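Here is the structure we will look at.
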Amino acid sequence: MGDSYAIGIDFGGTKVLAGVVNTKTGELVATSKKKTKQASEQQQLLRKLTIVIEEAVEQAGINFDKIKSIGIGVAGMVDRERGILLSGVNIGASNLKIAEPLIDHYGIPVKLGNDVEVATLGEMHFGAGKKCNNLICVFVGTGIGSGIVHDGAIYHGQTGTAGEIGHTILFPDGRLCNCGGHGCLEAYASRMAIARQVVAGIKRGVDTSVAGEIDENKGLLRSRTLSQAVLDGDNLVTRSVIHAAKFLGVGLASVVNFYNPERIILGGGLVEEVGLYFDVAVEELQHRALPIPGAAINVKKAKLGDFAGIIGAAMLAQNSSDN
Ligand SMILES: [Zn+2]
82 MGDSYAIGID FGGTKVLAGV VNTKTGELVA TSKKKTKQAS EQQQLLRKLT
132 IVIEEAVEQA GINFDKIKSI GIGVAGMVDR ERGILLSGVN IGASNLKIAE
182 PLIDHYGIPV KLGNDVEVAT LGEMHFGAGK KCNNLICVFV GTGIGSGIVH
232 DGAIYHGQTG TAGEIGHTIL FPDGRLCNCG GHGCLEAYAS RMAIARQVVA
282 GIKRGVDTSV AGEIDENKGL LRSRTLSQAV LDGDNLVTRS VIHAAKFLGV
332 GLASVVNFYN PERIILGGGL VEEVGLYFDV AVEELQHRAL PIPGAAINVK
382 KAKLGDFAGI IGAAMLAQNS SDN
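What follows is the structure, given as structure tokens:
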């Protein structure tokens, strides 16, 4: 019984990260990383992929023939059947054929999924979702995305876009959202929403320790900065974090009422760094959900952190090559 290995790739807007993963244990044996530029030529993007793949295998110190498959999680909308990135705004590419050239080059199965889906797969196999067949993974960052596991498999939906929890509408005439709509959950509960609330406070003349750390044009504040400000008792930041976390709890209560999952896994920088955000969201969820599904729900923090995408991507290909 030898070990089985696959390559998992996290293909994002600023970097591409590859790892050699032991698909039996979930162990990440070696990794390699390259920066990407927006709007690179398609050939250049594919070349970057082959470089990180080969570097990771070399780092792992194993022969390439031990690699059974390649899985790629990409930030954007994908055609899973044909292995095409349909639209990747952050990557600056559309209709990019990814799987086919790599299959031709390496002669092993190559599968494509989106970034939230593969992070969910990682948590399901080796993280906070182990031994759980019905769960929702919610990742909070500048936006909010989620992956749905139904009967032990990722649920994609009719157009492959299921899980857009960030665009659950709370207020029909509410804040403008990045999707162009109004009143979406992520306009109230994301890290961006917290930062915007802090900026609004600063403009009203409220004192805060993070005034110098904020990029007012982008409305951005790092999770670590928020965490430190909460620990230091910064009133404006603490109130903004609580406000956002309550909204996340409201959104999660609707998920619990509607889908009745066994477990909810919360991940992303804000959840990992700011304990208050997680605690308030869980409390609000429990307060708001219907009594029976609410009492049964089990909420956990994600376990794999930044590596969930690589580990999950490796399993994406693994699952397909097993079938
Ligand atoms: Zn929206």
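Per the numbering used here, the sequence shown starts with residue 82, numbered consecutively. Think of the CB as a built atom: it goes at the ideal place given N, C-alpha and C, for glycine as much as any other residue. None of the values given here were measured: they were computed from a predicted structure.
- [ ] Along the alpha helix (DSSP H) that carries N338, what are the first and last residues, could you check?
- [x] N316 to Y340
Open item on the list: Measuring straight from C-alpha to C-alpha, what distance separates S402 and I323?
Closed with: For S402, the pLDDT reaches just 44, beneath the cut-off of 50, and the residue's location in the model is therefore unreliable, although a value from the coordinates is still provided. C-alpha separation (whole angstroms): 44 Å.
TODO: Go ahead and label K96 buried or exposed: buried means 16 or more other beta carbons lie within 10 angstroms of its beta carbon, across all protein chains shown.
DONE: exposed
Task: Own chain, CB closer than 8 Å to V361, minus 5 neighbours either side, in chain order - done: V322, I323, A326, K327 and G330
TODO: Consider the C-beta atom of G262 and the heavy atoms of ligand 2; say whether any pair is separated by less than 6 Å.
DONE: What this structure holds is ligand 1, not ligand 2.
Open item on the list: Please report the straight-line C-alpha distance between S85 and F359, rounded to a whole angstrom.
Closed with: 36 Å
- [ ] Figure out for me which residue from C218, G203 and G83 has the closest Cα to the Cα of Y340.
- [x] C218
TODO: Taking K211 as part of the alpha helix (DSSP H), name the residues at either end of that continuous run.
DONE: Segment: none, K211 is in no alpha helix (DSSP H) and carries neither H nor E.
Open item on the list: So, at 7 Å on beta carbons, what are the nonlocal neighbours of N338 in its own chain, with the 5 sequence-adjacent residues on each side left out?
Closed with: A370, L371 and P374
Open item on the list: Please report the distance separating the alpha-carbon of F207 from that of G107.
Closed with: Separation of F207 and G107 (C-alpha to C-alpha, rounded to the nearest whole angstrom) is 6 Å.
Open item on the list: Counting C-beta neighbours from all protein chains within 10 Å, is the total for P190 16 or more, i.e. buried, or is it exposed?
Closed with: buried
- [ ] Report whether the distance from the Cβ of C213 to the nearest heavy atom of ligand 1 is below 6 Å.
- [x] False, no ligand heavy atom lies under 6 Å from that Cβ.
Task: Where A276 sits in the DSSP three-state scheme - done: helix
Open item on the list: Contact defined as beta carbons within less than 8 Å: I believe L98 pairs with K114. What is the distance between those atoms, to the nearest angstrom?
Closed with: 5 Å
TODO: Please report the Cβ distance between L193 and A180, rounded to the nearest whole angstrom; I am assuming they are in contact, meaning their Cβ atoms lie under 8 Å.
DONE: That belief holds up - the Cβ atoms of L193 and A180 are roughly 5 Å apart, short of 8 Å.
- [ ] Flag this pair as touching only if the segment 85–94 and the segment 133–152 have three or more C-beta atom pairs under 8 Å; answer yes or no.
- [x] yes
Open item on the list: Going by DSSP in three states, D403 sits in which element: helix, strand or coil?
Closed with: Because D403 sits at a pLDDT of 45, beneath the cut-off of 50, its placement in the model cannot be relied upon, and the point is left open.
Open item on the list: Please state the DSSP three-state secondary structure of K384.
Closed with: coil
TODO: Please state if the CB of V221 and the CB of L312 are separated by a distance shorter than 7 Å.
DONE: Pairing L312 with V221 gives a Cβ-Cβ distance that is not under 7 Å.
- [ ] Could you tell me how far apart the beta carbons of V318 and I295 are, in whole angstroms, since I believe they sit closer than 8 Å?
- [x] About 10 Å; that fails the 8 Å criterion.
Task: Candidates V101, V138, P182 and T112: closest to R128 by CA position - done: P182
Open item on the list: Taking the alpha carbon of A112 as the reference point, which residue from G94, A141 and K105 has its own alpha carbon closest?
Closed with: Rather than Ala, the amino acid found at residue 112 in this sequence is Thr. When only C-alpha atoms are compared, the closest one is A141.
Task: Burial state of C258, where buried means 16 or more other Cβ atoms lie within 10 Å - done: buried
Open item on the list: Please identify the residue among T240, V102 and M158 whose C-alpha is closest to the C-alpha of L177.
Closed with: M158
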